[in-house]
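Asks: Take 47 as the starting number for the sequence shown in our numbering and just add one per residue.
Beta carbons are placed, not taken as given, at the ideal position from N, Cα and C, and that holds for glycine.
Just so we're clear, the structure is a prediction, and the values are computed from it rather than from any experiment.
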Amino acid sequence: MGPAGTPFVPPVFLVGMMGAGKTTIGRGLARALSRQFLDVDQVLEERCGVRVPTIFELEGEGGFRRRETHALDECSRISGVVLATGGGAVLAGDNRRMLQQRGTVVYLRAKAEELYQRTRYDRNRPLLQTADPLGRITELLRQREPLYEEIADLVVDTGKVSVARLVGRILPMLATCNKQVRPPADLPPLECL
47 MGPAGTPFVP
57 PVFLVGMMGA
67 GKTTIGRGLA
77 RALSRQFLDV
87 DQVLEERCGV
97 RVPTIFELEG
107 EGGFRRRETH
117 ALDECSRISG
127 VVLATGGGAV
137 LAGDNRRMLQ
147 QRGTVVYLRA
157 KAEELYQRTR
167 YDRNRPLLQT
177 ADPLGRITEL
187 LRQREPLYEE
197 IADLVVDTGK
207 VSVARLVGRI
217 LPMLATCNKQ
227 VRPPADLPPL
237 ECL
């Protein structure tokens, strides 16, 4: 059940590479559905009081990923939420299972060159602080794309299409996706950090 005995509304989880549009499209989708929007990276930044690159610097990628899993566990229990996950959230098998079991997973797919064009000036992406960011994106995409595809209920190519048009494409896809999920009351919480 959701708040005050209302039926639980399965969440919508947006997965994909950094720069795929998870946050921007997620906000538009949540607005169109009259639902709450959350971004896991923003939740972590609010809780930790520092930006994602600082978490990476202080705790390493492993520390960040542990925090990400716990935030994902908590946020994925919210009835009806539209949730933008971090690009690497799918690396952990527990996260993939969690997303598959708890809601509808939408993979926002984009080509490496498009991702590079969208992220090349963004200094808030620690994995791209390298001499060859396009090469790094290509490598990460090769590693992660099979994982995104494994858990996706819906796949949407973002390309050079406007946010409004993408939201317009996703809405009817969600309406016809009759995925059965387990309400969060049936799921044990993960241990806290």
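Tell me whether the beta-carbon of V61 lies closer than 8 Å to the beta-carbon of Y162.
Replies: Between V61 and Y162, the CB-CB gap reaches or exceeds 8 Å.
Asks: When DSSP labels each residue in this structure, what does V58 get in the three-state scheme?
Replies: Residue state, collapsed to three classes: strand.
Asks: Could you give the C-beta distance for R148 and V227, rounded to a whole number, given that I count them as a contact under 8 Å?
Replies: Taking 8 Å as the upper bound for CB-CB distance, R148 and V227 are in contact here, some 6 Å apart.
Asks: State the DSSP-derived secondary structure class of Q226, mapped to helix, strand or coil.
Replies: Secondary structure at Q226: coil, using DSSP grouped into helix, strand and coil.
Asks: Note the first and the last residue of the continuous beta strand (DSSP E) segment covering A138.
Replies: Run containing A138: none; DSSP gives neither H nor E here.
Asks: Helix, strand or coil for V213, going by three-state DSSP, please let me know.
Replies: helix
Asks: Could you please give the first and the last residue of the uninterrupted beta strand (DSSP E) stretch that includes R112?
Replies: Premise fails: R112 lies in the alpha helix (DSSP H), V98 to C121, not in any beta strand (DSSP E).
Asks: Here's the rule I'm using: 16 or more other beta-carbon atoms within 10 Å means buried, otherwise exposed. How should C238 be labelled?
Replies: Caution is warranted here: a pLDDT of 38 is assigned to C238, below 50, making its placement in the model unreliable, and no coordinate value can be reported.
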